[in-house]
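Below is one structure; the comments refer to it alone.
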Amino acid sequence: VWRAVGQSAIALTDNNKDAALTAARSAVSQNAELPEARYQLGLVLDARGDNPGAAAAFAKAAELSPQMAYAHYYAGLNFNKAKRVDQMAVYFEAFLKLAPNAPERAAVESIMRTVRGR
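Shown next as structure tokens:
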């Protein structure tokens, strides 16, 4: 499974999104409970512009590994792009709690202020 995750990451770095998707799906099929496989699938789907699919993959990674801050962050971003603000807020709140010193904090807080109407 780790080989497939790595192959997907390399293919994505090389901008070979089809090979990246094939490898990421292979990783998930080999071990659907590995959060990193779901996370890699989310990265590929995000790069392909499949925001609902990416959001679901990142959300599953966050469910499998609740302390994986960036799974929450990317789930929030993709739920936002998919116009699911309710879900975005849940994942962004978790991200802010898990990674209070993250460089993305200011941007996430700004989005959350806009959502809250402040």
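Here the sequence shown is numbered in the working numbering, starting from 22 and rising by one per residue.
Cβ atoms here follow ideal geometry from the backbone N, Cα and C, with glycine treated the same way.
Alpha carbon to alpha carbon, what distance is there between lysine 102 and alanine 48?
25 Å
Within 9 Å, strictly: CB atoms of alanine 58 and valine 26:
yes
State the DSSP-derived secondary structure class of arginine 105, mapped to helix, strand or coil.
coil
For the alpha helix (DSSP H) that contains glutamine 61, what are its first and last residues?
56-68
Have a look at leucine 62 and serine 131 and give me their C-alpha separation to the nearest angstrom.
Each residue's CA atom was taken as its position, placing leucine 62 and serine 131 some 27 Å apart.
When the Cα of valine 111 is compared with those of Tyr95, Glu125, Pro124, which residue comes out closest?
Tyr95
Note down, in chain order, each residue of its chain lying with its Cβ closer than 6 Å to the Cβ of alanine 75, except the 5 sequence neighbours on either side.
Gly63, Leu66, Asp67, Asn99
Pairwise C-alpha distance: leucine 85 and proline 56
In a straight line, the C-alpha of proline 56 is about 6 Å away from that of leucine 85.
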